[in-house]
Amino acid sequence: MDVLYFAWVRERIGLPRERVDTSAATVADLVAELSAREERYAAAFADLAALRVAVDQELADFDAPLAGVREVAFFPPMTGG
Amino acid sequence: MRIVVQADPFDFGAEAAAFAEGRDDLGAVVTFTGVVRGDAALERMEIEHYPGMTEKALEQIAAEAVRRWDLGDVLVIHRYGPMRPGERIMMVATAAAHREAAFDSAAFLMDYLKSRAPFWKKEHAADGDSWVAARAADEAALTRW
Chain A
-17 MDVLYFAWVR
-7 ERIGLPRERV
3 DTSAATVADL
13 VAELSAREER
23 YAAAFADLAA
33 LRVAVDQELA
43 DFDAPLAGVR
53 EVAFFPPMTG
63 G
Chain B
108 MRIVVQADPF
118 DFGAEAAAFA
128 EGRDDLGAVV
138 TFTGVVRGDA
148 ALERMEIEHY
158 PGMTEKALEQ
168 IAAEAVRRWD
178 LGDVLVIHRY
188 GPMRPGERIM
198 MVATAAAHRE
208 AAFDSAAFLM
218 DYLKSRAPFW
228 KKEHAADGDS
238 WVAARAADEA
248 ALTRW
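Sequence order for the protein chains is A and B. Residue 53 in our numbering sits at position 71 of the first sequence; the count goes up by one each step and never skips. Quick note, our numbering runs 107 ahead of the 1-based positions in the second sequence.
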């Protein structure tokens, strides 16, 4: 699936998007998998309360299932308007 | 209903004049415009967004406004990219038969745009760059709807 990062999450991880081959069942599982990869991921995902997630471009919870999902995005709380 | 996401500046006067033009059933038109506030040392603001999701989220928010209030028309324009203090970031316009629906739906749109549309603001100032943090008050504002 495609994993996208925005704002300071993008800056901390150091890339805007990447293709991830994963068998993670939920968003939380994917977070754990990415965090285990490298320190920059662990740093970005250190405080999940400070993060929001979208699954296939819809806001979701960290326990959202990933079966059949094409795109997951991580970002800080939004500041539109 | 019209949703526009663009980097370029928009012509507020032309947009406001054209909105709901010729609709004599709509007695109330409300517009709101967000402007880059020139706080101390701010040189420019950079707005990042999530292409694809941004348009979808704005459409969902506008559709919800149309569901809740009897609106004749809704316009949302939101920019992304670099902007200087004083530049217009975004506008919403609502049109209804009476003013309550137009005012309330415009406030609803703004509250949801703040916290539920995937935009992120970064401030570039003389003393450094920083991401604008979401305010708890903005999140709390959603509970009034």
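Every residue gets a Cβ at the ideal spot worked out from N, C-alpha and C, and that includes glycine.
Measuring CA to CA, which of Ala125/B, Ile110/B, Gln113/B, Ala209/B is closest to Ala135/B?
Closest option to Ala135/B, Cα to Cα, is Ala209/B.
Ala232/B lies in the alpha helix (DSSP H); which residues open and close that run?
Ala232/B -> not in any alpha helix (DSSP H); beta strand (DSSP E) instead, spanning 226 to 232.
Residues of chain D with CB under 7 Å from Met60/A, in chain order?
The chain inventory of the structure shown lacks chain D, comprising the protein chains A and B.
Establish whether the CB of Glu155/B and some CB of chain A are separated by less than 7 Å.
Residue-level contact by beta carbon holds for Glu155/B and chain A, with a gap shorter than 7 Å.
Spatial neighbours of Tyr23/A in its chain, beta-carbon cut-off 7 Å, leaving aside the 5 residues before and after:
Apart from the 5 residues on each side of it in sequence, Tyr23/A sits with its Cβ closer than 7 Å to the Cβ of Ile(-5), Leu16, Ser17 in its chain, given in chain order.
Pull up the distance between the alpha-carbon of Lys163/B and that of Arg223/B, whole angstroms please.
For the pair Lys163/B and Arg223/B, the Cα-to-Cα distance works out to about 11 Å.
Could you check whether Gly141/B and Gly63/A sit closer than 7 Å to each other, using their CB atoms as the reference points?
For Gly63/A and Gly141/B, yes; Cβs fall inside 7 Å.
Figure out for me which residue from Trp238/B, Leu133/B, Ile168/B has the closest Cα to the Cα of His205/B.
Per the C-alpha coordinates, the member of Trp238/B, Leu133/B, Ile168/B positioned closest to His205/B is Leu133/B.
Measure from the alpha carbon of Gly235/B to the alpha carbon of each residue in Ile110/B, Ala123/B, Gly188/B, Arg151/B, then state which is nearest.
Restricting attention to Ile110/B, Ala123/B, Gly188/B, Arg151/B, the CA atom closest to the CA of Gly235/B is found in Arg151/B.
Continuous alpha helix (DSSP H) stretch holding Glu20/A: start and end
Neither: Glu20/A is in no alpha helix (DSSP H) and is coded neither H nor E.
Please report the distance separating the alpha-carbon of Met108/B from that of Arg251/B.
Each residue's Cα considered, the two are about 24 Å apart.
Whether Arg52/A touches Asp38/A by CB criterion (7 Å):
Yes; because the gap between Cβ atoms is below 7 Å, this pair is in contact.
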